[in-house]
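Participant:
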Amino acid sequence: MIKSVLKDSFVYGVLNAFNRFFMFLIFFLFVKYFTKENIAILDMLIVFASMVGVFISMQLESSFARFYFNEKEENKHFDHLKTIAYMMGLFGLFYLVPAYFVFDIFFGEYSMDSFTYLFFMIFTIGFLINITNLINLHFRYSYEKKNFIISSLLFPISYLLIIGIYILLNDSLSIVLVFVAQIIGYLVALSFQFKTVGNEFLKATFQRQNLKDIMKYALPMFPMFFLLFANDKAIIYILKEFISLELLADFSVATKYLAFLSLFFFALRMALDPKINHFVSFPSDKGKIEYIKYINIYIVFTIVLFFIFMVVVPFVQEYFFVDYTNAYKWATILALSLILLNMGSYLTPGFAIKKRMDLKLIIVLFQVLFNFVGFYLVLKSGYDVVLALNYLVLVNYIFMLVQHYYSNRLYKVSNEYLKATGVFLVLFIVVNKDLML
8 MIKSVLKDSF VYGVLNAFNR FFMFLIFFLF VKYFTKENIA ILDMLIVFAS MVGVFISMQL
68 ESSFARFYFN EKEENKHFDH LKTIAYMMGL FGLFYLVPAY FVFDIFFGEY SMDSFTYLFF
128 MIFTIGFLIN ITNLINLHFR YSYEKKNFII SSLLFPISYL LIIGIYILLN DSLSIVLVFV
188 AQIIGYLVAL SFQFKTVGNE FLKATFQRQN LKDIMKYALP MFPMFFLLFA NDKAIIYILK
248 EFISLELLAD FSVATKYLAF LSLFFFALRM ALDPKINHFV SFPSDKGKIE YIKYINIYIV
308 FTIVLFFIFM VVVPFVQEYF FVDYTNAYKW ATILALSLIL LNMGSYLTPG FAIKKRMDLK
368 LIIVLFQVLF NFVGFYLVLK SGYDVVLALN YLVLVNYIFM LVQHYYSNRL YKVSNEYLKA
428 TGVFLVLFIV VNKDLML
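My numbering puts the first residue of the sequence shown at 8, with every later residue one more than the last.
Laid out in structure tokens, this is it:
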């Protein structure tokens, strides 16, 4: 079983997550060609593009994954793919105008060339992220390894080539060029995807009758996914009210360290998700035993990956990001929150099995409220960033326990949260040992 997970992690996880690794490499170029202040602004723009992508998706890809095996049994998986893609397009149109006003609020204070053009480029990227990821998810769940690998690598390679060629020719870099290169990279990947699935996609029909089930599953997942996203990204917009752009650049580097760790967590997720979703779709006693084994594998790999992260990142900090002195400490605390949020997703299958995602939605909405309002109030009270980030860790731990309790009441699977608690306590003490001495 472990061998199978490792194999799937490599083929479907590491290779697909290469785009994150390439983005990490490109960040080295950004550090060379941009000032710390511009690094912070650029990172906030990239986060905004990701945020647009989150709202356009509305976690519809979760519904795609949840019902994929059911639809494939009836040979309607391309209808399912087309339905989700069209709905993403509709959400994109819905959010276009509100997103522009939010963009103006966040970035109007900074003097940026091509402000309006920059917004439309960023919004386009948010849409392209979702469509390319959706088709890639189809490749993953239909086990089309070759198409999955090619599609996964086309964007990061194209993006890096464009940035690299521009630097060689001009020995400079601009913020606008960064987003132009991203659009071209995604279009290259999308052209390959449509060459592969275009005919089936065009022939497919829109499943109007399934919209209720799709949205009923996706909407409760949206706050949880947004929380995962906001854990290390969206809170930058709160931090910018309390710290300078130079310190904000330290936080940007911290999130890039975390993105490197996320690469491996994403690899595990790509290996385990189909197996876990199959259990959720067709729950059984045999499936329950396998599910517990997969959760134990995830917990063990979480510990190993975190300690590797703590060993490797200081060397990267010392040799490449010497001026970003707060980045490593902040990254380790952010990593704890990421681990807890991921465990909160994996340890709570009862909501999906019993179709009580509405209950999960209520819990997660309170979690989002406590996270953002509390984080703001901690900083507003004059406490430092370390304490504010640790506040997020504690809140996410408490809500992981709450979700697990209610999930087990709906469908008892395991008490693996006890192991998760042990992992959390050990890692929390290791990360904050300097505060406890």
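Quick reminder that beta carbons are idealized off the backbone N, C-alpha and C, glycines included.
Computed from a prediction, not measured in an experiment: that's the story for all the values here.
If we count the other Cβ atoms within 10 Å of its Cβ and call it buried at 16 or more, is ASN378 buried or exposed?
Facilitator: With 16 or more neighbouring CB atoms inside 10 Å of its own CB, ASN378 falls in the buried class.
Participant: Only counting the same chain, and skipping five residues up and downstream in sequence, which positions put a Cβ closer than 8 Å to that of PHE113?
Facilitator: The residues are MET51, PHE55 and TYR244.
Participant: From VAL393, VAL409 and ILE296, pick the residue whose C-alpha is nearest to that of LEU254; which is it?
Facilitator: Of the candidates VAL393, VAL409 and ILE296, the one whose C-alpha sits nearest the C-alpha of LEU254 is VAL393.
Participant: What do you get for VAL12, buried or exposed, if any count of 16 or more other CB atoms within 10 angstroms of its CB means buried?
Facilitator: Note that VAL12 scores 47 on pLDDT, short of 50, meaning its location in the model is unreliable; the coordinates nonetheless yield the value given after this. Result: buried.
Participant: Count the other C-beta atoms from every protein chain shown that fall within 10 angstroms of the C-beta of LYS263, then say buried if there are 16 or more, exposed otherwise.
Facilitator: buried
Participant: As a quick exercise: from LYS362, SER414 and PHE186, pick the residue whose alpha carbon is nearest that of LYS219.
Facilitator: LYS362
Participant: What residue range does the alpha helix (DSSP H) around SER159 cover?
Facilitator: 152-177
Participant: In angstroms with no decimal places, state the Cα-to-Cα distance between LEU49 and LYS89.
Facilitator: Approximately 33 Å, taken between the alpha carbons.
Participant: Compare the C-alpha of MET95 against each of LYS202, PHE134, LEU268 and LEU125 and name the closest.
Facilitator: PHE134
Participant: In the DSSP assignment, the alpha helix (DSSP H) including GLY4 goes from what residue to what residue?
Facilitator: This structure cannot speak to residue 4, because the chain is shown only from 8 to 444.
Participant: Would you call PHE286 buried or exposed, if buried means 16 or more other Cβ atoms sit within 10 Å of its Cβ?
Facilitator: buried
Participant: Kindly indicate the opening and closing residues of the alpha helix (DSSP H) around LEU194.
Facilitator: Unbroken alpha helix (DSSP H) run through LEU194: 182-210.
Participant: Should ILE53 and ILE170 be called a contact, given that it needs their Cβ atoms to be closer than 7 Å?
Facilitator: no
Participant: What is the C-beta distance between LEU265 and ALA196, in whole angstroms, given that I count them as a contact (C-beta under 8 Å)?
Facilitator: The Cβ separation is near 24 Å, so there is no contact.
Participant: Report the three-state DSSP secondary structure of TYR305 (helix, strand or coil).
Facilitator: helix
Participant: Please classify ILE315 as buried or exposed, where buried requires at least 16 neighbouring CB atoms within 10 angstroms.
Facilitator: exposed
Participant: State the Cα-Cα distance for the pair ILE370 and ARG416, rounded to the nearest angstrom.
Facilitator: 14 Å
Participant: May I ask you to report which of helix, strand or coil DSSP gives PRO321?
Facilitator: helix
Participant: Taking 6 Å as the limit between beta carbons, can you name the residues of its chain near ILE164, skipping five residues before and five after?
Facilitator: none
Participant: To the nearest angstrom, how far is the alpha carbon of ILE299 from that of MET350?
Facilitator: 13 Å
Participant: What residue range does the alpha helix (DSSP H) around ALA359 cover?
Facilitator: 357-360
Participant: Following the continuous alpha helix (DSSP H) through ALA56, name the residue where it begins and the one where it ends.
Facilitator: 43-64
Participant: Rounded to whole angstroms, what is the Cα-Cα separation between THR139 and SER388?
Facilitator: 43 Å
Participant: Is ARG215 buried or exposed, if buried means 16 or more other CB atoms sit within 10 Å of its CB?
Facilitator: exposed
Participant: Taking 7 Å as the limit between beta carbons, can you name the residues of its chain near PHE258, skipping five residues before and five after?
Facilitator: ILE243, LEU246 and TRP337
Participant: With ALA211 and PHE85 assumed to form a contact (beta carbons below 8 Å), what rounded beta-carbon distance in angstroms separates them?
Facilitator: Confirmed, Cβ separation roughly 4 Å.
Participant: So LYS247 is in the alpha helix (DSSP H); what residue range does that whole segment cover?
Facilitator: Here LYS247 belongs to no alpha helix (DSSP H), and DSSP marks it neither H nor E.
Participant: Which value, in whole angstroms, describes the spacing of the CA atoms of ALA395 and ALA334?
Facilitator: 15 Å
Participant: How would you label SER158, buried or exposed, when you count the other beta carbons within 10 angstroms and need 16 or more for buried?
Facilitator: buried
Participant: Going by DSSP in three states, PHE328 sits in which element: helix, strand or coil?
Facilitator: coil
Participant: Between the region 169-183 and the region 37-44, are three or more C-beta pairs nearer than 8 Å?
Facilitator: yes
Participant: What does the alpha-carbon distance come out to for the pair TYR124 and TYR107?
Facilitator: 11 Å
Participant: Please state whether the Cβ-Cβ distance between THR355 and GLN410 is less than 7 Å.
Facilitator: Going by C-beta atoms, THR355 is nearer than 7 Å to GLN410.
Participant: Reducing DSSP to helix, strand and coil, say where MET119 ends up.
Facilitator: Under the three-state reduction of DSSP output, MET119 falls in the coil class, being neither helix nor strand.
Participant: Looking at the unbroken alpha helix (DSSP H) that takes in VAL385, where does it start and where does it end?
Facilitator: From DSSP, the alpha helix (DSSP H) with VAL385 extends over 364-387.
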